[in-house]
Structures are given as structure tokens and as C-alpha cells.
Amino acid sequence: MMSRAERSPLADWWWTVDRGLLAGLGCLMVAGLVFLMGGGPPVAERIGLPTFYFLNRQAMYLAPTILLIIAVSFLSVRHIRRFALVTWLLGVVLCILAGKFGPEIKGAHRWIQFGSFGLQPSEFVKPAFVVVTAWAFSEGANRRDMPGVTLALLLLPATIVPLILQPDFGQTMLITMVWCTLFFVAGLHWFWVAGLGFAGMIGVFTAYTFLHHVRERINRFMDPESGDSFQEVWSRESFNSGGWFGTGPGEGVAKRHLPDAHTDFIFSVTGEEFGVLVCLGLVALFAYIVIRGLKLARRTDDTFTRLAITGLTTLFGLQACINMAVNTQLMPAKGMTLPFVSYGGSSLISLALGMGFLVALTRKRPRTTAINQRPPGTTPSAVPGLMQ
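Residue numbers (my numbering): 3 to 390.
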């Protein structure tokens with residue numbers, strides 16, 4: 003156990019980091035390995051891989067994941083901004099390259115291949131986009147000469163247009179929802195809330211009209227008999243079969259039919275083998291991390307820190323909600339992983355980046371005079387021109 007009198011960087015980190023947040027993330031990683039023991043083997047055997055291929059790979063990815071969370075959590079606020087900006091710029095460029103030159107997988111070009119290693123750039127764009135957008139909003143709130151709102155408005159299309167062209171409607175929707183959350187927390191007037199809601203409905207209608215795969219998924223969701231709803235049927239059957247207490251680890255049947263049992267539908271496999279009660283416990287764990295993050299955001303006086311923590315927490319929570327809603331037939335199917343539970347290298351490393359940002363921003367820091375240094379007439383939570 004480290005002493006409070008010790009002044010090493012590691013000791014300072016230990017006594018300033020939010021250990022409750024770290025404990026929640028650690029529990030999720032362990033739960034992911036346990037649940038992947040059930041969902042991974044059937045998929046691996048079906049495609050001719052060793053039985054525990056996905057489990058071993060996930061365990062291997064967890065080592066750099068944990069190291070990245072810890073390393074990023076040592077960064078200062080200034081270095082977080084710079085790191086996020088570079089990551090966002092590089093990620094958007096790679097998204098454009100993936101859309102043009104990446105391999106086609108399930109009708110979309112979302113991946114960049116580096117030999118045998120595949121990278122999904124959009125996963126890394128998400129946390130970086132949140133931090134950069136929070137930076138723009140905070141600068142607009144703190145400095146009258148900075149067009150922060152304009153920059154934040156431009157960041158959204160610059161980020162989602164390359165995703166739409168891949169196409170990746172799921173990630174586009176997630177990023178847009180988080181951006182709207184940041185806009186609201188930054189001081190958005192209710193008039194703009196209604197306007198954004200209307201624009202969102204237009205976007206969904208446009209996607210339904212012009213994007214064939216979006217139209218198919220929505221039609222299948224509204225009417226399962228209108229198309230191939232194989233995964234949806236087995237996902238629903240998994241919860242019916244598992245009941246409250248589950249069939250037992252390794253005893254599930256649905257995972258042998260679900261092609262994405264180790265990724266998008268790991269929650270369904272968990273419901274069948276471990277039961278609804280364990281699923282509710284997993285939901286509670288996600289809720290704990292989200293509520294913890296939002297409570298820590300409320301305690302800070304710095305505009306950027308509050309916006310960035312809120313955005314990163316919202317991104318994490320919404321992604322989990324979307325995945326679980328798809329698994330329980332509350333939303334049309336989307337290619338969205340369950341954070342730290344689903345298998346995936348790009349997903350784990352990008353989540354580590356986002357959670358590293360979150361852990362760094364929620365560390366206890368000496369109270370600064372940033373509020374007193376703001377220009378007269380500004381407030382830490384309001385973006386000029388939007389409140390009235």
C-alpha cells in the first residue's frame with residue numbers, strides 16, 4: 003500500500019485517481035473474459051480456428067488496453083487536448099482512406115489493413131472527437147474572440163461525412179447523439195434542441211430513403227417477416243431459453259447459430275447461459291460507471307473538463323445502451339460492440355483511449371484560478387449566443 007507522504011509520480015497518481023471508476027472498468031474487463039468463454043468457442047470452431055482463439059486474443063489485447071488506460075491517465079489537461087487533436091485528424095484521414103481503399107466487409111469499407119492486422123479508424127475518432135469538441139465549446143465560452151461554437155459546428159460534418167461514405171450509419175448516429183449532448187450541456191437554448199431533433203428526424207428519413215441497408219434493417223425491425231431476421235430471432239430465443247438463471251456456462255444453443263455471438267450479440271449469449279439476473283447486474287455495472295462519471299463532471303469548475311467528462315461518459319453509456327437494445331430487440335440491428343465485453347482489438351484499444359482520457363480528467367487536481375481569469379461577463383457553462 004502506498005503512503006500519502008510518498009511523492010513519486012506513481013504515488014501521486016494513486017492518490018488522485020478515482021479508484022471507484024477504475025474498479026468498475028476492471029470488473030467489466032474480467033466479465034468480458036468470462037462471457038467470451040461462452041460466446042467465442044462456437045464461432046471459432048465454425049470458421050476453423052482453435053476453440054479458445056477469441057478468448058486468448060482478447061486476453062492478449064487486455065494487456066495493452068490496461069497499459070494505455072494507465073499511460074493516458076498520467077497526461078495533463080493540456081496534453082490530453084493535443085493528443086486528442088492529433089488522434090482526431092489522423093483518424094479522419096484514415097476513415098477517408100478506408101472508405102476508398104479498405105476491404106469490403108459486409109457491404110462497407112470501414113477497415114484499414116496493415117498486413118494481417120486490421121484497424122477500424124472510426125473507433126479511435128470517437129473519443130478524440132469528444133475531447134476536441136469539448137475544447138471548442140469551452141474556448142467559445144471562456145473567450146469572446148474565439149469562434150468556439152462555429153468550430154464545434156464544423157467538427158460534426160467533418161467527422162461524420164467520411165463515416166456516411168463508408169457507410170457506417172451506427173457510428174454516425176452515436177457521434178451525432180454525443181455531439182448534441184455536448185451542445186446541450188454547453189448551454190444550448192431549447193429552441194436549438196427542437197431544431198436538432200427535427201434535423202435528426204430528417205437525417206433518419208434521408209438514410210432510410212437512400213441507404214438500402216438502413217432501409218432493410220428498419221423494415222426488418224418493424225416487420226420481422228419482411229426479410230432475413232435470422233440473428234434477431236436467435237437473439238430473442240436466447241433470452242427465452244435462459245430465463246432468470248440461465249442454462250449454465252457453455253450450455254447455450256443460440257451461440258451456435260449467431261454468427262456474431264462473440265461481438266455484437268455477446269449480451270444475448272450471456273442472457274442464455276447466465277440468465278437475466280446476471281444481465282441486469284451487467285446493466286447495473288455500466289450504470290455505475292456512467293453515474294460515477296457524471297457525478298465527477300458536476301464537481302469540476304473547469305468548463306472544458308466538465309464537457310469532456312460528460313461527453314466521454316455519454317459516449318461510453320450510449321454505446322452500451324445501443325448494443326443491449328439491439329440484443330433485446332428494442333432497436334434495429336447495428337454493428338456496435340458492448341464496451342470491454344465484446345471481442346475486438348480496435349474496439350478495446352479505442353475504449354482504452356477514451357477511458358484513459360476520462361480517468362485523467364477525473365483525477366483530483368489543485369483548484370485553479372481559471373474561473374477568475376475568464377473575461378468579464380462570461381460564465382463557465384454558457385456558450386455565448388445560445389442561451390437566449
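Yeah, the Cβ is synthetic: ideal placement off N, Cα and C, and Gly gets one too. Because the structure is a prediction, the values reported are computed rather than measured.
Which residue marks the beginning of the alpha helix (DSSP H) containing residue i, and which one marks its end?
{"i": "Thr186", "result": "For the record, residue 186 in the displayed sequence is Phe; it is not Thr. Looking at the DSSP string, the run of the alpha helix (DSSP H) that includes Phe186 is Phe171 to Val187."}
{"i": "Tyr290", "result": "Val278 to Arg301"}
{"i": "Gln321", "result": "Thr305 to Asn329"}
{"i": "Trp15", "result": "Pro11 to Thr18"}
{"i": "Pro341", "result": "Segment: none, Pro341 is in no alpha helix (DSSP H) and carries neither H nor E."}
{"i": "Leu156", "result": "Gly150 to Leu167"}
What does residue i pair with, by DSSP beta-bridge criteria?
{"i": "Ile68", "result": "Ile68 pairs with nothing; no bridge assigned."}
{"i": "Gly120", "result": "Gln115"}
{"i": "Ala110", "result": "Ile107"}
DSSP state of residue i, grouped into three classes?
{"i": "His259", "result": "coil"}
{"i": "Ala335", "result": "coil"}
{"i": "Arg48", "result": "helix"}
{"i": "Gln60", "result": "helix"}
{"i": "Gly346", "result": "coil"}
{"i": "Gln233", "result": "helix"}
{"i": "Lys102", "result": "helix"}
{"i": "Leu77", "result": "coil"}
{"i": "Leu353", "result": "helix"}
{"i": "Lys128", "result": "helix"}
{"i": "Pro43", "result": "helix"}
{"i": "Trp400", "result": "Because the chain here runs from 3 to 390, residue 400 falls outside it and cannot be looked at."}
{"i": "Arg145", "result": "coil"}
{"i": "Thr381", "result": "At Thr381 the pLDDT is 47, less than 50, meaning the model places this residue with poor confidence; the figure from the coordinates comes in the next sentence. DSSP places Thr381 in coil when its eight states are reduced to three."}
{"i": "Glu239", "result": "helix"}
{"i": "Phe54", "result": "coil"}
{"i": "Phe85", "result": "helix"}
{"i": "Gly252", "result": "coil"}
{"i": "Arg217", "result": "helix"}
{"i": "Phe267", "result": "coil"}
{"i": "Arg21", "result": "helix"}
{"i": "Leu27", "result": "helix"}
{"i": "Thr135", "result": "helix"}
{"i": "Thr364", "result": "coil"}
{"i": "Leu198", "result": "helix"}
{"i": "Leu190", "result": "coil"}
Measure from the C-beta of residue i to each C-beta in chain D and report whether the shortest distance is under 9 Å.
{"i": "Phe171", "result": "Protein chain content of the structure displayed is limited to a single chain, and chain D is not contained in it."}
For this session: For the segment 338–347 and the segment 250–269, state whether three or more C-beta atom pairs, one from each stretch, are separated by less than 8 Å.
Result: yes
Exercise. At a cut of 8 Å, does the segment 245–260 reach the segment 7–22 through at least three beta carbon pairs?
Worked result: no
Problem set entry | the segment 266–286 contacting the segment 29–40, beta-carbon criterion three pairs below 8 Å | yes
Problem set entry | Cβ contact check for the segment 191–210 and the segment 347–362: 3 or more pairs under 8 Å | no
Exercise. Can at least three beta-carbon pairs, one atom from the segment 169–176 and one from the segment 120–128, be found at a separation below 8 Å?
Worked result: yes
Exercise. Do three or more CB pairs link the segment 177–187 to the segment 157–164 at distances below 8 Å?
Worked result: yes
Exercise. Are at least three pairs of beta-carbons, each pair with one atom in the segment 200–213 and one in the segment 305–316, less than 8 Å apart?
Worked result: no
Exercise. Between the segment 286–294 and the segment 238–255, do at least 3 Cβ pairs fall closer than 8 Å?
Worked result: no
Exercise. How about the segment 133–148 and the segment 79–90: do they share at least three Cβ pairs that are nearer than 8 Å?
Worked result: yes
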